[in-house]
Amino acid sequence: MAVSRRRTEGLTDKPFHYCPGCTHGIIHRLVAEALVELGVLGLAVGICPVGCAVFAYDYFNCDMIQAAHGRAPAVATGVKRVLPDRVVFTYQGDGDLAAIGTAEIIHAASRGENITVIFVNNAVFGMTGGQMAPTTLLGQKTTTTPFGRRVADAGFPLRVAEMLAAVEGPAYIARVAVSSPKNILRAKRAVRRAFEIQLQGLGFALVEVLSTCPTNWGLSPPEAMRWLEEKMIPVFPLGEFKVPEEEEQC
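Numbering (my numbering) for the sequence shown: 228 to 477.
Now the structure itself:
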């Protein structure tokens, strides 16, 4: 039987621990494929978050470091400054990056650190039981907002891509989704571009990836994909929010 698709060498052969329908696995593959296609897998250093992707060091077939909750950009900054020839990336969820790690990500972006950030937004705290996250939608029910998120109690969802695009330091900011084959192809191009930005020495790059959490959303995997398309994308529109200045002039 002919093999039409095989695991990228950028991933180990360890089975994923993620829930059925979770799209972390898709995002892992996109990152791993980018590293292989750019020929930098042997130079890559990834920083793991605290959250559902805490075991990412078991899956990426490159050097990995575990950071304290939210501190991955600070760790990545240290690695890149000491070893500037390495390709350094962080892989973080919304609880890790947009909650406890807000200060780290804003200041790393403001400094224009030459690192790549993969930010996975599934609008909920996944690993710890489905609590409200900074990116939880208005009206969305979670274990800590059983009647839905309300502005009076919790404010508005945090739009990370737009927030960081307003900072002067970043070179590239994009938001993508992995809810369809078309969106996955676009996500792959954005992830690869974010690594190319680093290789070109242009500075800070972040790709926000809209992802699903069927378990904590209380939906089946197909329903979760539809919910992402129908509910999340209108609040978190897809696109490139910041590109290198020379591209803006083209």
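We treat Cβ as the ideally placed atom computed from N, Cα and C, and that holds for glycine. Quick caveat, the model's predicted, so the values are computed rather than measured.
Continuous alpha helix (DSSP H) stretch holding residue i: start and end
i	result
residue 450	448-454
residue 317	No alpha helix (DSSP H) contains residue 317, which is instead part of the beta strand (DSSP E) from 314-320.
residue 329	329-338
residue 442	441-444
C-alpha distance - residue i paired with residue j, whole-angstrom precision
i	j	result
residue 332	residue 300	6 angstroms
residue 295	residue 344	16 angstroms
residue 408	residue 391	27 angstroms
residue 238	residue 379	44 angstroms
residue 360	residue 274	21 angstroms
residue 319	residue 463	17 angstroms
residue 427	residue 248	35 angstroms
residue 366	residue 449	21 angstroms
residue 338	residue 447	41 angstroms
residue 383	residue 430	29 angstroms
residue 424	residue 374	43 angstroms
residue 396	residue 335	8 angstroms
residue 456	residue 362	15 angstroms
residue 276	residue 321	10 angstroms
residue 353	residue 252	15 angstroms
residue 229	residue 266	26 angstroms
residue 234	residue 264	13 angstroms
residue 303	residue 411	26 angstroms
residue 439	residue 346	13 angstroms
residue 297	residue 370	22 angstroms
residue 268	residue 415	16 angstroms
residue 442	residue 288	27 angstroms
8 angstroms Cβ cutoff met for residue i and residue j
i	j	result
residue 272	residue 309	no
residue 465	residue 348	no
residue 422	residue 261	yes
residue 314	residue 257	no
residue 459	residue 330	no
residue 292	residue 316	no
residue 278	residue 323	yes
residue 387	residue 432	no
For residue i, the first and last residue of its enclosing beta strand (DSSP E)
i	result
residue 241	Per DSSP, residue 241 belongs to no beta strand (DSSP E) and is neither H nor E.
residue 468	466-469
residue 435	432-437
Residues of its chain near residue i, where Cβ-Cβ distance is below 8 angstroms and the 5 sequence neighbours each way are ignored
i	result
residue 241	285 and 286
residue 312	270
residue 245	251, 252 and 279
Beta-carbon contacts of residue i that lie in its chain and below 7 angstroms, excluding the five residues immediately before and after
i	result
residue 417	401, 403 and 434
residue 478	An answer regarding residue 478 cannot be provided, because it is not within the stretch 228 to 477 covered by the chain.
residue 399	420, 421, 424, 432, 469, 470 and 471
residue 282	244
Sequence-distant residues of its chain with Cβ nearer than 6 angstroms to residue i (five each side left out)
i	result
residue 290	272
residue 419	261
residue 243	252
Item to check | Segments of 4+ residues assigned as alpha helix (DSSP H) that fall wholly inside the stretch 265-325 | outcome: 299-309
Item to check | Ranges of the alpha helix (DSSP H) found wholly within the stretch 343-430, counting only runs of at least 4 | outcome: 378-381, 387-392 and 408-426
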